[in-house]
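In my numbering, the protein residues as written are 132 to 290.
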């Protein structure tokens with residue numbers, strides 16, 4: 132059986148991993164926009180998208196199914212904002228995936244690269260701001276309101 136850990140520490144660690152991927156994505160997209168298509172940068176963009184599709188969806192599900200319902204026993208406004216952010220991010224990830232596919236099919240298209248760049252920048256900005264809100268507003272609220280038993284309950288649901 133997996134050990135029950137501090138759910139907030141776990142979510143923050145996952146945020147740190149996401150921030151690394153977002154930085155790599157941003158760097159690769161900026162190189163693309165400046166220098167045109169490059170296989171190395173394209174692989175990095177694809178790897179960042181895979182991370183988003185595989186890890187971020189699991190992370191957001193943990194927040195929405197384990198953390199938010201327990202916090203909503205006390206307050207709903209912050210979780211409503213976070214759920215809305217998650218919806219916007221999902222839409223952004225779909226647009227990003229589509230733009231990556233378009234560049235793959237049209238490697239020499241400056242327009243396709245510029246579109247990918249714009250979408251990626253928007254996703255990175257939204258995602259970084261979202262992580263900031265959770266780390267510095269939502270999580271301190273959780274630690275203020277929730278008991279150790281409630282945190283253990285969340286940790287078990289996140290397994």
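Virtual Cβ for every residue (Gly too), placed ideally from N, Cα, C.
May I have the straight-line CA-CA distance separating residue i from residue j, to the nearest angstrom?
i	j	result
residue 132	residue 289	Here residue 132 scores only 45 on pLDDT, less than 50, and its place in the model is too uncertain to base an answer on.
residue 189	residue 264	19 Å
residue 277	residue 218	25 Å
residue 287	residue 145	17 Å
residue 182	residue 141	17 Å
residue 269	residue 209	7 Å
residue 233	residue 187	23 Å
residue 150	residue 224	15 Å
residue 201	residue 275	13 Å
residue 282	residue 163	43 Å
Smallest Cα separation from residue i: which of the options?
i	options	result
residue 253	196, 200, 222, 141	222
residue 155	176, 201, 210	176
residue 251	272, 269, 240, 228	228
residue 166	136, 262, 246, 241	241
residue 159	192, 255, 212	255
residue 261	170, 161, 216	216
residue 214	173, 201, 247, 191	191
residue 259	220, 180, 282	220
residue 318	161, 199, 196	Past the edges of the chain, shown from 132 to 290, lies residue 318, and the structure says nothing about it.
Contiguous alpha helix (DSSP H) assignments of at least 4 residues, all confined to the segment 152-229 | Complete alpha helix (DSSP H) runs here, min 4: 170-182, 188-193, 199-202.
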